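Chemist: Got a structure for you, questions after.
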Amino acid sequence: NALQSRARGRTLNRARRVASSSVMLTTDVLMQKDFIVAAGAIGFNYAVTMAIIFVNKFLFLKTAFPILSLAAAHLCVTSLFTRAAHAGGIFKLRHAEWDAQIFAIACLQGGAIALGQASLKINSVGFFQITKQMQVPLVACIEYVKLGRKITRRKIVLLCAMTAGVAVACASDVKFTFVGAFIAAAGVACTSVEIVLYSHLQQAHGWETLQLLYNTM
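In this note's numbering, the protein residues as written are 35 to 251.
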């Protein structure tokens, strides 16, 4: 009986170790998959963003495409995409009362897109990229002043390093005018305030990004 009990104990211990190893392996595989998916999504987003910037700049250089027409096309495509996503069941529709925040987001979206296109047309791509990079610290400042959200030193260092990297990479292509710089600054301000409002509605009221886009487009 004693030998049988010891044998059962050893068998149970082996089973526990095997189960523990299986759980750890499964967790590692899931974490790797999540990392791959996140990295792929970030890379895809970056590639699409850069492609849009260069295509828009090409249109401005080679054609007389109006800024407002391009901004309107952007809004129409985004509106069609959100409705197609809803029809495909990607997100659930959520109706919103037409309050001040929703109206402000809608106005800021239109203004940010139009001002961004104007900045891209007047200024160089390098200057456009540098000014867009200024959105990150500006958003952090707005959230700190208005919402009391603090940012860690580590994030501050990362933001500084990222901004410096973009500035160095685009230093050879920085061309702008006074009017272009003013338009770029206004566009960055609109986008930053829009991002803060989006974040506030998502965290305070549980809105999803596509739900907000559906109501503001």
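Quick reminder that beta carbons are idealized off the backbone N, C-alpha and C, glycines included. Computed from a predicted model, the values in this text were never measured in an experiment.
So what's N249 in DSSP terms, helix, strand or just coil?
Modeler: helix
Chemist: So does Q167 have its beta carbon nearer than 6 angstroms to some heavy atom of the ligand FMN?
Modeler: No copy of the ligand FMN occurs in the structure displayed, which carries no ligand at all.
Chemist: Under a Cβ-count criterion, where at least 16 other Cβ atoms within 10 Å of its own Cβ denotes burial, should A36 be classed as buried or exposed?
Modeler: Residue placement at A36 is poorly supported in this model, since its pLDDT is 46, which falls under 50; the coordinates still yield a value, given next. Classification of A36: exposed, given that the 10 Å Cβ count is below 16.
Chemist: Within the chosen definition, does the segment 194 to 202 reach the segment 161 to 168 through at least 3 CB pairs nearer than 8 angstroms?
Modeler: yes
Chemist: When DSSP labels each residue in this structure, what does P171 get in the three-state scheme?
Modeler: Here P171 sits in helix by DSSP.
Chemist: Which one of A215, I217 and Q163 has the shortest CA to CA distance from V202?
Modeler: Q163
Chemist: Starting from the C-beta of A174, find all residues in its chain whose C-beta is less than 6 angstroms away, skip the five residues before and the five after it, and write them out in chain order.
Modeler: I185
Chemist: Using the Cβ count rule (16 or more neighbours within 10 Å means buried), how would you classify L246?
Modeler: buried
Chemist: If you compare alpha carbons, which of C110, I156 and K189 is closest to K209?
Modeler: I156
Chemist: According to the Cβ coordinates, are A218 and S158 closer than 7 angstroms?
Modeler: no
Chemist: Work out the CA separation of I139 and T211 for me, nearest whole Å.
Modeler: 29 angstroms
Chemist: Look at the Cβ atom of I147, then the Cβ atom of V230, and state whether they are nearer than 7 angstroms.
Modeler: Contact annotation: I147 and V230 have beta-carbon atoms that are not nearer than 7 angstroms.
Chemist: Using CA coordinates, which residue listed in S206, F137 and R128 is at the minimum distance from H239?
Modeler: R128
Chemist: Express the C-alpha separation of I87 and V200 in angstroms, rounding to a whole number.
Modeler: 15 angstroms
Chemist: Among the residues of its own chain, which have a CB less than 7 angstroms from the CB of L235, if the five just before and after it don't count?
Modeler: Q135, W241 and L246
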